[in-house]
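Encoded as structure tokens, the structure appears first; notes follow it.
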Amino acid sequence: MALLRISTVGEKVLREIAKPVTEFNDELKKLSEDMAETMKAADGVGLAAPQVGLSLRVFVIDFGYIDYTKREKEGDKPPKIDFRSVTFVNPEIISRSGVEKRSEGCLSIPNFSADVERAERIVCKYFDVDGNEHTIEEDGLAAVAIQHEFDHLEGKLFIDKVSSLKRDMAMRKVKKYLNGLKDSTDAVELALYGKK
Ligand code: ZN
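Each residue of the sequence shown is one higher than the one before, counting from 23 in the working numbering.
Structure, rendered in structure tokens:
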């Protein structure tokens, strides 16, 4: 497995409509594993292929973290975080209902978060890396994460949904973060966000 470099806002690949996966092969499995490892190293809940420079309809989500937040809310203490990456290939959101506002962040927009309105509940159809089809119904953080990652496949970012004032703030924060990297000696940070 390998850590992949994360593209940041301003890079063209994040604005492209990603292409469907046509072959379920070893290359796809390797990409899925590398994306999971990258998401974990970056402390993310989700990561889409365009964020690692590949315009493909694939994303990963850490359902271990989602389960942890659910149990924490229900008072199940002390909850343990078990990393559990699920890979979504050629996903489709087939229904959306309700409205929910939550704070979101994005690995491609480091150092920034803002409230975003999304559907509260969704039904998503997707394929796993072996080409098996699944349909899931989700709400809460899982629904938000799926919608956020799905947007990446459509060339959309969560900052498109906030005011221009906040968007400018996001751009300044990302710039500041990337400038600060020049002095970083953190190998993981440099692998994730360093130069191409
Ligand atoms: Zn994102």
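Note that CB positions come from ideal geometry on N, CA and C, so glycine has one too. Every value quoted in this text rests on a predicted model; they were computed, and no experiment measured them.
Residue nearest to residue 124 within the set 202, 140, 131, 79 is 140 (criterion: CA-CA distance).
Judged by beta-carbon spacing, residue 203 lies within the 8 Å limit of residue 212, meaning their Cβ atoms are closer than that value. In this structure, the beta-carbon distance from residue 80 to residue 121 does not fall below 8 Å. Exposure of residue 105 is indicated by the presence of fewer than 16 other C-beta atoms within 10 angstroms of its C-beta.
Counting other Cβ atoms within 10 Å of its Cβ, residue 174 reaches 16 or more and is therefore classed as buried. Between the region 75 to 89 and the region 179 to 190 there are fewer than three inter-stretch CB-CB distances shorter than 8 Å, so the stretches are not counted as touching. In the three-state reduction of the DSSP assignment, residue 117 falls in the strand class. In the DSSP assignment, residue 86 falls within the alpha helix (DSSP H) that extends over 85 to 95. Ranked by how close their Cα comes to the Cα of residue 31, the residues 193, 103, 164, 218 have 193 in first place.
In terms of CA proximity to residue 74, 28 leads the group 39, 82, 28.
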